[in-house]
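Below: the structure, in structure tokens.
Chains as they are written, first to last, in the numbering used here: chain A, 1 to 307; chain B, 1001 to 1304.
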């Protein structure tokens, strides 16, 4: 057990060491004028990137359904909390909105937990356990990343039709669970944990299952966090598969609701209510992002890819 | 590994049997899901492409390669392929340049850097459908782009209703929203460059921005660029959500792309699932070919 503590400390040291390296990446001295110019550029980039979202937020607090020209970007003109409550009220009572919100949450949660569990177990096996055909199976699994989903989507749809899973929760959820990306991410992470830790645990008499649950999995928290956030975003934002497999409005998930709401009043989009729906769709993503932001970036750097 | 280590690991021999069985148990759920929901549909999809198949009328008969012939002779599919290639060329080039520029900018550490970077990243995690809806406004007659254009005296343009501007507007939106994702990959690449290299280069007279780009960043980030380009190409060829939500392939097929063709043949004109599957296989072949070509290029530059 003592080895474990040493290893944990070493991991921590590496992490802080790497961050110190980050700080040094502003190399060579830059003049004061340049410093100001660079920061102004950063602010400009942020303004450009945030402006569409900012307008969306303002629109939620206004009553007019129209997009006016020129765009009114003054946060104090025409906005009020009671307008927001009114927009929220009409969106919430539109169709079966609470049910749709629940659908999205339910589908994402089930996909999330199944996918992370299935991925971490397999990733651990591929990194650490010896069994015949391990490498071959791993590369076959990794190869599925090369098959774009749209290629199998039509056949998957027919398959769902044949087994009677069209317009069912299992039809949306189960085909989404297998994620080669999660497997890869976990395998890469487990490979970085020194083998001696597990060997020591083995000598202590722990069986492979205990080694995984008590030693290895707790050490792989960053991998769990990264795969958690990728899977969340992938599933929450998924559009094509639900579009194919859901033919009953009561099972709509939020991306389908957005698309449906867009056309519900013909050509005219009710922008105040539309932006409220957009915001409600975005809100859980933003919360998760705020919590896991650090791991998100780390995940990209240690796998170098995303589906 | 099992056979070579046996002598030294006599005491662990019993454990190894357990370990092997445990290994299979851990990968079993994954393999089951992959076989049933990826391999089987992939093979099934190929089978469908060889048949005339209408699952609702229960009509099915062998069609040979006639579905492939129909796709390859279809002027609509040809247009879709041309459109997506044009889209890919423009989007991948510009988003790579933008991602690199953003990374260079956000590689400077100030108090505001972390927060700014996090905000810029938001479009990359936003649902493409939600983003499409926001951009319907951005490019609408009353939208932000027309507002800025009106400041320089340009008459308002109805971007998504114009055959000239609809596709470029979708391109602009996707360049804007995907670049931050690739920016993070470039940032990881930049941070892997040891600071002493820049210091040494500076002593050798490589101080100007252009020279540093030419002699340090470009060669040292070439692998990152390769990844960014490959992932960008694979993603671009599968363009669907944004087009489906914003224009549906119109106006006058100006934004028609292969996945819209595949979707329409499967879900709008029922009974042409075989054609739809044939089109997906052709698209798959094109994506594979492009990826392999890029890999070959990579090997020639001795990265792999």
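Even for Gly, the Cβ is constructed at its ideal location relative to N, Cα and C.
This structure is a prediction, so every number in the text was calculated from the model and none was measured.
Between the CA atoms of residue 61 of chain A and residue 84 of chain A - distance to the nearest angstrom
5 Å
From the DSSP output, in three-state form, read off residue 1240 of chain B for me.
coil
Where residue 27 of chain A sits in the DSSP three-state scheme:
With a pLDDT of only 47 at residue 27 of chain A, under 50, the local geometry of the prediction cannot be trusted, and no value is derived from it.
Can you tell me where the alpha helix (DSSP H) with residue 1037 of chain B in it begins and where it stops?
No alpha helix (DSSP H) contains residue 1037 of chain B, which DSSP labels as neither H nor E.
Cα-Cα separation, residue 1019 of chain B to residue 212 of chain A:
11 Å
Unbroken beta strand (DSSP E) runs of length 3 or more, entirely within the stretch 1134-1182 of chain B: which are they?
none
Drop a sphere of 10 angstroms on the beta-carbon of residue 1285 of chain B, count the other beta-carbons inside from all chains shown, and report buried for 16 or more, exposed for fewer.
exposed
Between residue 273 of chain A and the rest of its own chain, which residues show a CB-CB distance below 8 Å, the 5 nearest in sequence each way excluded?
65, 87, 90, 91, 94 and 261
Check whether the stretch 190-207 of chain A touches the stretch 159-179 of chain A, counting contact only when three or more Cβ pairs, one atom from each stretch, lie closer than 8 Å.
With contact defined as three or more Cβ pairs closer than 8 Å, the stretch 190-207 of chain A and the stretch 159-179 of chain A are not in contact.
Below 8 Å CB to CB, which residues in the same chain sit around residue 112 of chain A once its five sequence neighbours on both sides are set aside?
Answer for residue 112 of chain A: 228, 231, 232 and 235, listed in chain order.
Please confirm whether residue 68 of chain A and residue 1142 of chain B have their CB atoms less than 8 Å apart.
It is a contact, given that the beta carbons lie within the stated cut-off.
Which residues of the stretch 1066-1092 of chain B have a Cβ closer than 8 Å to any Cβ of chain A? Give them in chain order.
none
Counting pairs of Cβ atoms below 8 Å between the stretch 1121-1129 of chain B and the stretch 280-294 of chain A, do you hit three or more?
yes
List, in chain order, every chain A residue whose beta-carbon is nearer than 8 Å to that of residue 1147 of chain B.
69, 70 and 71
So what's residue 1060 of chain B in DSSP terms, helix, strand or just coil?
In the structure shown, residue 1060 of chain B sits in a strand (DSSP, three-state: E or B).
Own chain partners of residue 1281 of chain B with C-beta closer than 6 Å, once the 5 adjacent residues on each side are dropped
For residue 1281 of chain B, where only same-chain residues beyond five positions count, the Cβ hits under 6 Å are 1049.
Presumed contact (8 Å Cβ cut-off) between residue 1161 of chain B and residue 240 of chain A, rounded CB distance:
Wrong, their Cβ atoms sit about 25 Å apart, outside the cutoff.
Report the option in A:218, A:269 and A:39 whose CA atom is closest to the CA atom of residue 1114 of chain B.
Measuring from the Cα of residue 1114 of chain B, the nearest candidate turns out to be A:39.
Note down, in chain order, every chain A residue with its Cβ under 7 Å from the Cβ of residue 1018 of chain B.
Per Cβ cutoff of 7 Å: 207 and 208.
Going by the beta-carbon positions, is the gap between residue 1243 of chain B and residue 1257 of chain B smaller than 8 Å?
yes
Is there a Cβ of chain B sitting closer than 8 Å to that of residue 289 of chain A, yes or no?
yes
Could you give the C-beta distance for residue 1149 of chain B and residue 1189 of chain B, rounded to a whole number, given that I count them as a contact under 8 Å?
No, residue 1149 of chain B and residue 1189 of chain B are not in contact; Cβ-Cβ is about 36 Å, not under 8 Å.
C-beta atoms of residue 1268 of chain B and residue 1170 of chain B nearer than 8 Å:
no
How is residue 1256 of chain B classed by DSSP in three states: helix, strand or coil?
coil
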